Amino acid sequence: MKITGLEIGEYRQFKNIKFDFTYPEGHAKAGQPLDKVCFIGQSGTGKTTLLNVIADFFRLIIGYPFYPRGVVQYLDQVDFSYTKQLSDTIENYETVNVRIPLDNTVNIYELVKPDFANRYSEIIERAESIDKLCIYIKDNVAREANAFLLDQTSTPKTFSDFIKTESQIDKEKLEKEQLIDDIAQSQIINLGDLQSLNIWQYLLKDINDYDDQAKELALKIIYSGNGSSETKKIEELIKWKSTTKSPKTELAEKCLNPILDKLFLEVDTDVTVSNTPIAIRTKRGIKIDSSKLSTGTRQLLSTAISIFKFNTDNSVILFDEPERSLFPDIQRELIGHYTSLAPTAQFFFATHSPIIASAFEPCERFILYFDENGEVKFHNGVAPEGDDPNDILSEDFGLEELMLPKGLEAYERYRNLGVEIRNEKDPKRKDELIVERAQLGDLYKF
């Protein structure tokens with residue numbers, strides 16, 4: 001399922017605004033839903049709000065027929081359109097318009113009108129068939145990296161932890177497995193709300209299971225004593241390692257190392273027994289204390305792992321501020337890397353970075369701005385995909401001057417010096433002016 005349009009009657013800073021998320025006439029994919037969308041624009045124009053509106057739409061579809069009032073109280077002012085695929089060929093789509101009819105009849109919940117299920121039974125059925133309908137990656141997702149970077153056995157112990165009965169331990173294990181299974185069944189995933197530990201346990205379950213099995217085999221060697229029994233256990237461990245590929249290796253090779261390489265880092269896949277699901281080392285093999293990793297590195301790990309590990313076939317992925325805490329050279333690679341990890345998903349990015357925006361086609365860029373009445377409007381991009389970010393700022397945002405006041409003063413001085421040099425009669429003074437102008441030109445690249 002892919003979103004092809006969004007129309008908001010009146011909500012917060014939006015009033016009578018309509019977005020068309022399809023490729024325009026003349027494009028090779030004309031009429032098809034956009035593969036990726038970039039919301040960028042002035043602060044306060046509602047980039048994150050648009051992501052929230054899309055997320056709430058999916059919550060409503062999955063949660064039919066009752067919804068918490070705070071989640072959907074505004075959706076009767078919002079129209080969505082989506083595509084249903086009529087055949088196996090990606091070109092054959094039909095657009096369906098959806099309006100959510102609400103009855104404000106109870107204090108805590110909104111009740112969708114009874115005819116909703118009949119009118120939109122197909123979209124409900126279609127949504128229920130998608131494993132992960134919507135994945136929302138929020139701007140503070142980097143704070144969740146401890147769930148896979150730190151030793152998961154080092155949590156503080158209380159006295160009661162040491163006197164648990166076997167039945168209590170089994171009960172806790174079952175409860176943990178149930179929470180992980182709940183994530184497996186969830187169609188809408190939120191990352192970055194600091195309540196996602198179960199999500200990471202689900203995503204890294206194969207790695208944790210592999211590590212647990214490795215620990216078990218290693219312990220058998222330790223307790224077997226010397227002699228033939230020990231040799232047999234060692235051979236068993238070697239055989240197991242040679243026939244059982246570590247899921248951590250696949251994650252490193254296909255997901256993390258290609259982007260970590262820009263930071264001269266890589267996943268440490270050589271550790272046989274570990275309590276840490278993901279360990280990082282330098283390209284020279286020096287292990288890095290996970291607590292010392294930068295916010296940008298944590299952001300990369302948290303986002304790439306979640307996109308790669310979830311089943312994103314026909315998913316919609318909402319991504320707020322992908323550029324957060326990342327140097328421009330990494331930003332240049334981000335969109336291509338993320339979309340390669342989920343090739344059949346539709347992405348919606350909210351960003352402040354012209355470098356991120358340059359990775360999108362003009363029709364995929366939605367530049368938000370305030371009009372003279374303070375209402376949010378938008379226009380599509382002008383600069384071509386991959387263009388210089390400065391051209392994005394000048395052509396898409398209409399910024400005539402990209403330099404700060406001090407730079408503008410220097411440029412004005414540079415121009416005036418040209419006139420002074422031409423008019424100066426004293427050779428010595430003229431040489432001084434020429435030197436000053438040359439120095440300004442070298443400093444500012446005039």
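Going by UniProt numbering, 381 is the number at position 381 of the sequence shown; the sequence numbering is gapless. Just so it is clear, CB atoms sit at the ideal spot from N, CA and C, and this is done for glycine as well. Owing to the predicted nature of the structure, the values given are computational and were not obtained by experimental measurement.
Residue i, DSSP secondary structure in three states
i: Ala279; result: coil
i: Arg12; result: coil
i: Pro65; result: In this prediction, Pro65 has a pLDDT of 48, which is less than 50 and means its spatial position is unreliable; nothing more can be read from the coordinates.
i: Thr297; result: helix
i: Asp269; result: Just to set this straight, residue 269 is Thr in the shown sequence, not Asp. Three-state result, Thr269: coil.
i: Lys445; result: coil
i: Gly192; result: coil
i: Asn380; result: strand
i: Phe327; result: coil
i: Phe310; result: coil
i: Leu150; result: coil
i: Pro33; result: strand
i: Leu133; result: coil
i: Ile367; result: strand
i: Glu409; result: helix
i: residue 461; result: The structure shown does not extend to residue 461, since the chain spans only 1 to 446, so no value can be given for it.
i: Gly418; result: helix
i: Lys47; result: helix
i: Lys138; result: coil
i: Leu433; result: helix
i: Lys425; result: coil
i: Leu6; result: strand
i: Thr158; result: Note on Thr158: pLDDT 48, under 50, position unreliable in the model; no value is reported.
i: Ser81; result: strand
i: Phe58; result: helix
i: Leu402; result: coil
i: Ile288; result: coil
i: Asp396; result: helix
Given residue i as reference, the closest of the options once Cα atoms are compared
i: Arg298; options: Leu417, Ala145, Gln201, Asp193; result: Ala145
i: Glu385; options: Ile355, Lys406, Arg413; result: Ile355
i: Gly398; options: Lys29, Lys2, His27, Gly41; result: Gly41
i: Phe14; options: Leu219, Ile434, Thr49; result: Thr49
i: Thr244; options: Gln213, Phe310, Pro389, Ala127; result: Gln213
i: Leu194; options: Glu128, Tyr136, Glu250, Gln178; result: Tyr136
i: Gly192; options: Phe378, Lys241, Ser306; result: Ser306
i: Pro258; options: Thr276, Ser229, Ala304, Ile222; result: Ala304
i: Asn140; options: Asn373, Ile130, Ser302, Ser242; result: Ser302
i: Val316; options: Leu217, Ile130, His27, Phe39; result: Ile130
i: Val37; options: Asp431, Arg365, Ile180; result: Arg365
i: Cys363; options: Ile17, Asp35, Met1, Tyr11; result: Asp35
i: Pro343; options: Phe310, Ser325, Phe446; result: Phe310
i: Phe378; options: Asp396, Asp387, Glu361; result: Asp396
i: Tyr414; options: Lys445, Arg429, Asp387, Phe348; result: Lys445
i: Asp329; options: Ile61, Leu260, Phe348; result: Leu260
i: Lys215; options: Ile238, Asp320, Ile62; result: Ile238
Other residues of its chain near residue i: CB distance less than 7 Å, five sequence neighbours each side excluded
i: Pro247; result: Asp206, Ile207, Tyr210
i: Pro427; result: none
i: Lys143; result: This sequence places Arg at residue 143; Lys is not what is there. Only Leu194 meet the Cβ criterion.
i: Gln331; result: Glu323, Ser353, Ile355, Ile356
Beta-carbon proximity check, residue i vs residue j, cutoff 9 Å
i: Thr351; j: Lys138; result: no
i: Asp371; j: Ala383; result: no
i: Leu174; j: Asp79; result: no
i: Ser186; j: Lys132; result: yes
i: Leu300; j: Leu256; result: yes
i: Leu149; j: Ile278; result: yes
i: Glu236; j: Lys262; result: no
i: Ile183; j: Ile199; result: yes
i: Thr269; j: Thr249; result: yes
i: Leu408; j: Arg437; result: no
i: Ala410; j: Leu440; result: yes
i: Leu341; j: Thr312; result: yes
i: Ala345; j: Asn190; result: no
i: Ser394; j: Leu402; result: yes
i: Leu60; j: Leu318; result: no
Cβ neighbours of residue i in the same chain (closer than 6 Å, five flanking residues each side left out)
i: Thr45; result: Leu368, Val376
i: Thr89; result: In this predicted model, Thr89 has a pLDDT of only 47, less than 50, meaning its place in the structure is not dependable; the value taken from the coordinates is given anyway. For Thr89, where only same-chain residues beyond five positions count, there are no Cβ hits under 6 Å.
i: Ala30; result: Tyr23
i: Pro389; result: Pro354, Ile355, Ser358
i: Lys18; result: Glu7
Any non-hydrogen atom of the ligand ADP closer than 8 Å to residue i Cβ
i: Leu217; result: The ligand ADP is not part of this structure, which contains no ligands at all.
Neighbourhood of residue i by C-beta, 8 Å cutoff - its chain only, sequence neighbours within 5 removed
i: Gly336; result: Ala359
i: Leu265; result: Ile280, Arg281, Thr282, Lys283, Ile288, Thr297
i: Pro422; result: Here residue 422 turns out to be Arg, not Pro, going by the sequence shown. Nothing listed; no residue qualifies.
i: Leu179; result: Asn198, Gln201
i: Ala252; result: Glu266, Val267, Thr269
Residue ranges of each beta strand (DSSP E) within the region 337-363, 3 or longer: Uninterrupted beta strand (DSSP E) stretches at least 3 residues long and entirely within the region 337-363 occur at 346-351, given in chain order.
Mind pulling the beta strand (DSSP E) runs of 3 or more residues that sit fully within the region 198-251? None, since the region 198-251 contains no complete beta strand (DSSP E) of that length.
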